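Undergrad: Can you keep this structure in mind? I'll have questions shortly.
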Amino acid sequence: MYFDWTYFVLVIPAMIYAMWASSRVNRTFEKYQSQYSANGITGAEAARRILDANGLQSVPIDLITGKLTDNYDPAANVIRLSQSVYNGTSTAAVGIACHEVGHALQYAENYPPVRLRMAIIPPTRIGSRLAVPLIIIGILLGSLSYFFTVLAYIGIAFFALSTLFQLVTLPVELNASKRALQQIQANGLLYDSEMQGAKEVLRAAALTYVAALAVSLTQLIRFLMIVGRRRR
Numbered sequence: 014m015y016f017d018w019t020y021f022v023l024v025i026p027a028m029i030y031a032m033w034a035s036s037r038v039n040r041t042f043e044k045y046q047s048q049y050s051a052n053g054i055t056g057a058e059a060a061r062r063i064l065d066a067n068g069l070q071s072v073p074i075d076l077i078t079g080k081l082t083d084n085y086d087p088a089a090n091v092i093r094l095s096q097s098v099y100n101g102t103s104t105a106a107v108g109i110a111c112h113e114v115g116h117a118l119q120y121a122e123n124y125p126p127v128r129l130r131m132a133i134i135p136p137t138r139i140g141s142r143l144a145v146p147l148i149i150i151g152i153l154l155g156s157l158s159y160f161f162t163v164l165a166y167i168g169i170a171f172f173a174l175s176t177l178f179q180l181v182t183l184p185v186e187l188n189a190s191k192r193a194l195q196q197i198q199a200n201g202l203l204y205d206s207e208m209q210g211a212k213e214v215l216r217a218a219a220l221t222y223v224a225a226l227a228v229s230l231t232q233l234i235r236f237l238m239i240v241g242r243r244r245r
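Be aware that the sequence shown starts at 14, since it is given in my numbering, and climbs by one per residue.
What follows is the structure in structure tokens.
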């Protein structure tokens with residue numbers, strides 16, 4: 014299965030795109046990390062201002078280790094920012110910090126795509142553990158009994174949940190970036206001439222989610238083609 018032509022035609026191009034997208038995020042961040050905001054506001058300060066302006070004073074902002082490990086944890090209702098973003102005064106740091114605030118705003122407003130993503134997380138976690146083993150068993154033993162072919166399709170259905178999760182995640186991330194840019198302008202955190210840095214970093218980050226969806230979708234198509242051929 015691992016040497017099937019579909020892997021090289023479908024999955025590898027998507028994986029190359031994913032690696033390029035990841036590399037672009039790092040390059041773009043490095044570029045705009047040296048573009049400092051004129052008002053000297055840090056990422057943590059920018060995030061705090063937006064949270065407070067939207068009535069989310071109870072949401073804390075924590076410092077975490079790592080590079081570009083910034084996230085919003087809905088379970089703990091906390092924003093976690095990496096060192097270079099938390100203390101950074103660059104347009105890149107402000108953009109990334111405010112993106113995470115965008116997620117906090119989504120949860121506070123009960124944004125529908127976020128509700129959908131939260132709803133499919135439990136079955137997606139289960140499915141991600143079972144999908145590939147079921148598919149492999151079904152493919153290897155499919156010639157013995159139709160039962161194993163059905164098992165393979167069940168595995169594909171589980172895998173499809175992961176693809177659905179990636180599909181739902183994309184608009185959630187795009188919306189968080191849109192909210193971030195709107196809030197940056199509304200609260201005067203960056204001058205108009207500085208907005209390009211924040212925009213470019215968030216655009217580059219969005220490509221990583223497009224890439225994740227592409228990898229998952231091409232892998233799903235590949236599994237369907239392999240099982241379909243084995244069935245015939």
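Cβ coordinates follow ideal geometry from the N, Cα and C atoms, glycine included. Remember, predicted model here, so these are calculated numbers, not experimental data.
Which residues mark the beginning and the end of the alpha helix (DSSP H) in which A188 is found?
TA: Just to set this straight, residue 188 is Asn in the shown sequence, not Ala. Note, N188: alpha helix (DSSP H), Y159 to A199.
Undergrad: Starting from the C-beta of N84, find all residues in its chain whose C-beta is less than 7 Å away, skip the five residues before and the five after it, and write them out in chain order.
TA: R93 and E113
Undergrad: Quick one: grab the DSSP three-state call for D83.
TA: coil
Undergrad: Look at L203 and V127 and say whether their C-beta atoms are less than 8 Å apart.
TA: Not a contact, by the Cβ cut-off of 8 Å.
Undergrad: Output the distance between the C-alpha atoms of A31 and K80, rounded to the nearest integer angstrom.
TA: 18 Å
Undergrad: Measure from the alpha carbon of Q209 to the alpha carbon of each residue in Q179, T221, S103 and E186, then state which is nearest.
TA: Residue S103 is the option with its Cα nearest to Q209.
Undergrad: What did DSSP end up calling L64 once you bin it into helix, strand or coil?
TA: helix
Undergrad: Report yes or no: is there a C-beta of chain B within less than 8 Å of the C-beta of E122?
TA: Among the chains of the structure shown, chain B does not appear; only one protein chain is present.
Undergrad: Give the DSSP-derived three-state secondary structure of W18 in the structure shown.
TA: helix
Undergrad: Which value, in whole angstroms, describes the spacing of the CA atoms of P87 and Q70?
TA: For P87 and Q70, the distance between alpha carbons rounds to 15 Å.
Undergrad: Which partner residues of D205 appear in the DSSP bridge assignment?
TA: Paired residues: none, contrary to the question.
Undergrad: Short check: CB of A193 to CB of L215, under 8 Å?
TA: yes
Undergrad: With distances taken from CA atoms, which of L147, S50 and L177 is nearest G201?
TA: The option with the nearest alpha carbon to G201 is S50.
Undergrad: Between T41, I77 and Y20, which has its C-alpha nearest A218's C-alpha?
TA: T41
Undergrad: For A89, count neighbouring C-beta atoms within 10 Å of its own C-beta (all shown protein chains included) and say buried if the count is 16 or more, exposed if not.
TA: exposed
Undergrad: Residues in the same chain with beta-carbon distance under 8 Å from Y15, minus the five sequence neighbours each way, listed in chain order, please.
TA: Since pLDDT at Y15 reaches only 46, below the 50 mark, its modelled position is unreliable, and no value is offered.
Undergrad: Shortest alpha-carbon distance to L183 belongs to which of E43, L129 and I63?
TA: L129
Undergrad: Pairs of beta-carbons, one from the stretch 144–157 and one from the stretch 167–175, closer than 8 Å: are there three or more?
TA: yes
Undergrad: Give me the Cα-Cα distance between Q119 and W33, rounded to the nearest whole angstrom.
TA: 29 Å
Undergrad: Quick check for students: name the residue ranges of the alpha helix (DSSP H) that lie wholly in the stretch 25–64, counting only runs of 4 or more.
TA: 25–45
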